[in-house]
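Residue numbers (my numbering), protein chains in the order written: chain A, 1 to 225; chain B, 226 to 505.
Each residue gets a CB set at the ideal place from its N, CA and C atoms; glycine is no exception.
Put into structure tokens, the structure is as follows:
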């Protein structure tokens with residue numbers, strides 16, 4: 001058992017014994033990753049905040065039923081992803097679906113990284129926005145496996161689908177992402193003859209250099225790391 | 226990824242999305258034929274390289290900071306969850322208490338129900354057979370009620386138990402006995418019937434000399450402590466005060482029975498009866 005897992009289990013045990021601080025401690029250990037998953041799965045901070053709140057409440061209520069057939073972190077990821085997808089379904093039922101606007105202060109705050117270099121922001125913002133253009137099932141798979149770094153098998157447990165399904169969703173999601181970025185010339189593939197410059201991707205023109213020949217090699221270099 | 230329609234020696238088709246993804250994400254798990262194709266296909270190797278860069282960029286995305294407003298909401302959520310949990314616990318405790326109380330009383334439900342049925346049946350039968358009632362007062366000694374083997378034929382009347390009046394009558398009768406005993410030592414034991422000698426004031430119960438035919442009905446396990454002639458609802462009556470043989474001579478708790486007529490016997494109508502507690 002990993003040390004982190006031991007601490008997580010200890011928090012859960014104390015929580016179930018009535019310790020009022022223990023659940024907050026558990027949340028504090030995982031809320032960063034839960035927020036990242038919620039934000040990237042829902043695609044906007046408002047729904048992500050609602051999803052995270054739903055997830056915290058669900059985890060609180062389901063703590064007594066936690067079976068140690070998965071890590072506490074995996075369990076929390078699963079609850080968060082489910083809450084996020086549920087929020088997405090509700091959002092889809094609303095008359096208008098809003099995708100994040102990179103100019104939005106809310107989105108900026110949500111994705112702010114104090115260590116961010118100006119030249120990195122373009123790629124990050126385009127990537128974040130490209131993720132929101134994926135179908136929800138592909139997005140969740142890509143976020144868990146490619147962004148959060150979960151093994152395919154663990155992502156399968158989180159999403160409660162077979163590993164093959166996760167691989168398939170990731171493959172299709174990655175292909176779509178590559179297409180979106182290729183269109184934006186963010187990642188230029190060798191032999192890509194005609195990048196489409198008219199794709200409706202909004203780039204933060206104030207904070208980052210315009211997409212063009214000067215940015216592409218830098219991004220290419222970053223991507224190769 | 227060979228197209229089945231193509232001859233075996235034809236150039237293989239390009240890798241599909243899953244093949245490219247597998248080669249870029251986990252080449253160690255990719256099919257050897259896919260890797261072999263990629264090695265000799267410029268288009269597919271370019272796509273694999275492109276996807277590898279994409280994967281590196283995705284993995285490099287920093288973990289976004291949780292906004293302060295979200296942290297506040299999370300804290301409030303946990304606090305609310307505890308309040309809900311406390312309320313739920315309280316509700317469960319109350320339910321469990323109710324269940325335990327019900328369990329404690331459950332063994333009595335059948336006897337109580339049976340008693341209710343019996344009382345109901347007796348009352349019903351009594352009302353059918355002339356309006357007499359078998360209702361007895363609380364604390365009635367066994368055998369004081371109608372149908373008793375000890376007092377056969379004594380039929381209590383459904384006059385309603387007037388505890389205050391019975392107590393008043395019994396107290397007066399017992400005081401008379403006490404006075405008589407004071408005057409004639411050796412009367413303790415109570416079986417000597419005092420004979421009231423006056424009717425006292427107009428407001429006091431009207432006493433009349435006990436008739437010569439007076440012989441108080443006996444109750445098994447009880448001793449006659451006092452008796453007095455009374456008037457009850459304008460009719461002559463006889464009050465008999467019994468003391469439980471298990472009680473000491475100094476007891477203040479008696480059982481009073483008001484029989485109809487000056488010369489009650491075991492077949493007399495019981496006008497009223499009940500436990501009385503007198504103050505000495």
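Burial is judged here by how many other beta carbons sit within 10 angstroms of a residue's own beta carbon; residue 6/A has fewer than 16 and is exposed.
Of all residues in the stretch 270-284 of chain B, only 271, 272, 274, 275, 276, 278, 279, 280, 281, 282, 283 and 284 come within less than 7 angstroms of chain A when Cβ atoms are compared, listed by chain position. Of all residues in the stretch 167-187 of chain A, the ones placed with a Cβ closer than 8 angstroms to any Cβ belonging to chain B are 167, 168, 170, 171, 172, 174, 175, 177, 178, 181, 182 and 187, in chain order. One thing to note: residue 467/B has its Cβ no nearer than 8 angstroms to the Cβ of residue 484/B. Near chain A, meaning a CB-to-CB distance below 7 angstroms, no residue of the stretch 463-481 of chain B qualifies. Note on geometry: alpha-carbon atoms of residue 85/A and residue 143/A lie some 13 angstroms from one another.
The beta carbon of residue 158/A sits closer than 8 angstroms to the beta carbons of 74, 77, 78, 81, 144 and 150 from its chain, once the five residues preceding and following it are set aside; these are given in chain order. Counting the other CB atoms within 10 Å of its CB gives residue 42/A a total of 16 or more, which places it among the buried residues. In its chain, beyond the 5 residues on either side, 16 have a beta carbon closer than 8 angstroms to the beta carbon of residue 64/A. Take residue 14/A, set aside five residues on each side of it, and the residues of its chain with a beta-carbon closer than 7 angstroms to its own are 22, in chain order. At a cut-off of 8 angstroms between beta-carbon atoms, residue 306/B makes contact with chain A. Contact between residue 493/B and residue 486/B is confirmed by a C-beta separation of about 6 angstroms, below the 8 angstroms threshold. Among the residues of chain B, those whose CB is under 9 angstroms from the CB of residue 23/A are 303, 306 and 307, following chain order. Within its own chain, no residue has a Cβ closer than 6 angstroms to the Cβ of residue 334/B once the five positions on either side in sequence are excluded.
Listed along chain A, no residue sits closer than 8 angstroms to residue 240/B by beta-carbon distance, the nearest being about 11 angstroms off. DSSP, read as helix, strand or coil, puts residue 460/B in strand. In the DSSP assignment, residue 466/B is bridged to 451/B and 481/B. Within the same chain, 446, 447 and 448 come within 8 angstroms of residue 470/B by CB-CB distance, once the 5 residues on both sides are set aside. At a cut-off of 8 angstroms between beta carbons, residue 78/A makes no contact with chain B. Of all residues in the stretch 128-147 of chain A, only 128, 131, 142, 143, 145, 146 and 147 place a beta-carbon less than 9 angstroms from a beta-carbon of chain B. Of 308/B, 301/B, 280/B and 388/B, the smallest CA-CA separation from residue 123/A is found for 280/B. Straight-line measurement puts the Cα of residue 389/B at about 26 angstroms from the Cα of residue 351/B. Across the set 168/A, 121/A, 155/A and 51/A, the C-alpha of 51/A shows the shortest separation from the C-alpha of residue 89/A.
The alpha-carbon separation between residue 152/A and residue 166/A amounts to approximately 7 angstroms.
For residue 75/A, there are no C-beta contacts with chain B under 9 angstroms, since the nearest C-beta of that chain is about 17 angstroms from it. The beta carbon of residue 56/A lies closer than 7 angstroms to those of 27 in the same chain, with the five residues before and after it left out. Secondary structure of residue 349/B (DSSP, three-state): helix.
When the beta-carbon positions are compared, residue 291/B and residue 24/A stay at least 8 angstroms from each other. Within the same chain, 9 come within 8 angstroms of residue 68/A by CB-CB distance, once the 5 residues on both sides are set aside.
Measuring C-alpha to C-alpha distances from residue 477/B to each of 501/B, 491/B and 490/B identifies 501/B as the nearest. Under the 8 angstroms criterion on CB atoms, residue 246/B is classed as interfacial with respect to chain A. Annotation: residue 446/B is outside any alpha helix (DSSP H) and is labelled neither H nor E by DSSP.
With fewer than 16 neighbouring CB atoms inside 10 Å of its own CB, residue 438/B falls in the exposed class.
Neighbours of residue 20/A across chain B, judged by C-beta separation under 8 angstroms: 307.
Residue pairing of residue 501/B in beta bridges, as defined by DSSP: 479/B. Apart from the 5 residues on each side of it in sequence, residue 174/A sits with its Cβ closer than 8 angstroms to the Cβ of 142 and 146 in its chain, given in chain order.
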